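Data first, discussion second: the structure below is written as structure tokens.
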Amino acid sequence: MADISEREDRLRKLEDIKARGIHPYPEKYDKTHHTAELHAVDSSQHHTLEDLKESCPKTFSIAGRITLLRTMGKLSFLQLQDEQGKIQVAVMQDVVGNEAYKVLSKKLDLGDFIGVRGELFVTKHGEVTLLAAEYTFLGKALRPLPDKFHGVKDQELLYRKRYLDLISNEDTRKRFQFRSKFIKALREFYWDRGFTEIETPVLCNTASGALATPFKTHHKALDTDVYLRIAPETYLKEAVVGGFEKVFEVARVFRNEGIDPSHLQDFTMVEHYAAYWNYEDNMRFTEEMFQSLMLKTLGTTKVIIKDKDGVPGEVDFTGSWPRVTLQELILKDAAINIDDCPTKEDLLAAIMAKGISIDRMAKMGRGNLIDNLYKKVSRPHLRGPIFIIKHPIDLSPLARKNDDDPKVVDRFQLVVNTWEVLNAYSELVDPIDQAERFEYQSGLLAEGDDDAHGKDEEYVEAMEYGMPPISGWGMGIDRMVTLLTNQDNLRDVVLFPLMKPKG
């Protein structure tokens, strides 16, 4: 009932503001500065309050939300918050006039927006303050803000009503500003190295480009079922067929799989493809990229990152990083040589003989079984940054066979403190080999492996027009930002995560 009565009180104030001829939601306001810029003004430019009482110039103009308001007779102090921070504003009845002061002290509430023009001074307590020569009403809030001392603490409410989180928690605003800064630095890194950014379809006839369960929907105009993309990979490589040599895309992708703190069904990733590169070129490119991104966004290449158990540890991205094969890791950590297990049945028997349990392992093909075994026995011990290289061919249907060992592909994953943060390989450009692998994956799909790759005949046709050597690369942006900001859940770096409707 308290919220209802306060809302009704604010509605009454809104009507009174209108009755005074004040537009409660004006179309614009000309601001000259942000709050952070006012805090940065040299102290020699600050005036004394006594000087300003006589004549207050309109040197600075700011706008924002009122987050604190104290009225003491003919003087009021309020805190104004904008995108860059907060600043104290002093409003004196003798300066702004009786009517304007009455509206401020009687009709304004926390959450309302105003614009203020005035001059800076410093209080006796040393706080930089803007004395208002005039203010403009910019927007009435009809609901109260979260408690100003504690903010929003309910985690589900933070996700459902992110705007309240942004209003009350400065760390949240900084986190999403960092995400924007990271993506900007990422794009600039690509542009500076000759890459072209392109866009690929979200609705696809075939769910292609990764081992994942797709979302399926119906296209009414075309009267056909389509899939939400699980990766932009095949379209980006078709662009290389068409003549682009280095392309990338920051792409929203969709995978209809389980949700947990480290996985979302819809997330943002970046993929790039470079003609005439192999996977070793891409490893060197990755080292250069991460060192550049860390310096540009954090100012250091030594970063504290939590592992999967939430334990923080320092990761040093400088220099060249170790490279180890998947076969070597599993042999060391499980005493199973996957090269001695050429079939799914052989590998399953070896896993069971070691007493290792993996969910749904009887339903998996050999490739997914190897991947889940590695995640069970090896990945929890990796600190990195470390490149995991040369994955089995049945785990990588779109990667190029290794010339010396055709059982594996020229592929790598980057692991950082137990987290896989990106995947890359020398691309398969042989259309006959690709068609055979698609056929094999379709068989696994028919046998019940939901994460197996289906056919993509349109992509194979494109390949038959000729492809140069290519190396491709993909990274989850949400996961990387989560790690760099020391969050525990991917939804903490997604501004508006999907939530199940209430009720």
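Counting from 4, one number per residue, gives the positions in the sequence shown under my numbering.
Ideal Cβ positions, reconstructed from N, Cα and C, are used throughout, including at glycine.
Note that the structure is predicted; figures quoted are calculated from it, not measured.
Residues in its own chain within less than 8 Å of residue i by CB, not counting five upstream and five downstream?
| i | result |
| --- | --- |
| residue 136 | 59, 60, 61, 98, 99, 120, 121, 122 |
| residue 338 | 357 |
| residue 128 | none |
| residue 336 | 380, 381, 384 |
Rounded to whole angstroms, how far is the Cβ of residue i from the Cβ of residue j, which I believe are closer than 8 Å?
| i | j | result |
| --- | --- | --- |
| residue 113 | residue 69 | 6 Å |
| residue 431 | residue 385 | The Cβ separation is near 27 Å, so there is no contact. |
| residue 140 | residue 20 | 7 Å |
Nearest-angstrom Cα distance between residue i and residue j?
| i | j | result |
| --- | --- | --- |
| residue 152 | residue 272 | Caution is warranted here: a pLDDT of 47 is assigned to residue 152, below 50, making its placement in the model unreliable, and no coordinate value can be reported. |
| residue 4 | residue 381 | At residue 4 the pLDDT is 42, less than 50, meaning the model places this residue with poor confidence; the figure from the coordinates comes in the next sentence. So the two alpha carbons sit approximately 55 Å from each other. |
| residue 286 | residue 429 | 11 Å |
| residue 37 | residue 224 | 48 Å |
| residue 292 | residue 416 | 15 Å |
| residue 411 | residue 231 | 30 Å |
| residue 23 | residue 30 | 18 Å |
| residue 309 | residue 282 | 28 Å |
| residue 340 | residue 355 | 14 Å |
| residue 502 | residue 159 | 9 Å |
| residue 251 | residue 217 | 22 Å |
| residue 222 | residue 210 | 15 Å |
| residue 246 | residue 403 | 20 Å |
| residue 350 | residue 344 | 5 Å |
| residue 329 | residue 392 | 6 Å |
| residue 312 | residue 424 | 16 Å |
| residue 413 | residue 474 | 9 Å |
| residue 157 | residue 75 | 34 Å |
For residue i, which residues of its own chain have a beta-carbon under 6 Å away from its beta-carbon, when the five flanking residues on both sides are left out?
| i | result |
| --- | --- |
| residue 269 | 257 |
| residue 206 | 229 |
| residue 476 | 275, 285, 427 |
| residue 494 | 162, 500 |
Considering only residues of the same chain and omitting the five flanking positions on each side of residue i, which have a CB-CB separation below 7 Å?
| i | result |
| --- | --- |
| residue 496 | 178, 182, 481, 484, 485, 488, 490 |
| residue 9 | 147 |
| residue 377 | 329, 332, 333 |
| residue 51 | 124 |
For residue i, which of the options has the nearest alpha-carbon?
| i | options | result |
| --- | --- | --- |
| residue 106 | 16, 82, 42, 144 | 16 |
| residue 479 | 419, 25, 362, 450 | 419 |
| residue 295 | 278, 196, 277, 242 | 196 |
| residue 198 | 149, 278, 67 | 278 |
| residue 86 | 192, 170, 261 | 170 |
| residue 130 | 109, 111, 139, 82 | 82 |
| residue 180 | 394, 300, 239, 249 | 300 |
| residue 63 | 44, 54, 74 | 44 |
| residue 375 | 474, 361, 388, 387 | 361 |
| residue 145 | 504, 13, 241 | 13 |
| residue 437 | 450, 462, 422 | 462 |
| residue 435 | 466, 445, 408 | 466 |
| residue 297 | 187, 138, 471, 498 | 187 |
Ranges of the beta strand (DSSP E) found wholly within the stretch 34 to 60, counting only runs of at least 3 | The beta strand (DSSP E) runs lying completely inside the stretch 34 to 60 and spanning 3 residues or more number zero.
Which ranges does the alpha helix (DSSP H) cover as unbroken runs of at least 4 residues, wholly within the stretch 72 to 149, from first to last along the chain?
-> If we require 4 residues or more, the alpha helix (DSSP H) runs fully inside the stretch 72 to 149 come out as 96 to 99, 101 to 110.
Those runs of the beta strand (DSSP E) which lie wholly inside the stretch 187 to 228 and span at least 3 residues = Within the stretch 187 to 228, the complete beta strand (DSSP E) segments at least 3 residues long are 219 to 222, listed from N- to C-terminus.
Alpha helix (DSSP H) runs contained entirely in the stretch 390 to 457, provided each spans 4 or more residues = The stretch 390 to 457 is shown to contain whole alpha helix (DSSP H) runs of 4 or more residues at 434 to 449, in chain order.
Whole alpha helix (DSSP H) runs in the stretch 254 to 333 with 4 or more residues, listed along the chain?
-> Listed in chain order, the alpha helix (DSSP H) elements of length 4 or more contained wholly in the stretch 254 to 333 are 282 to 301.
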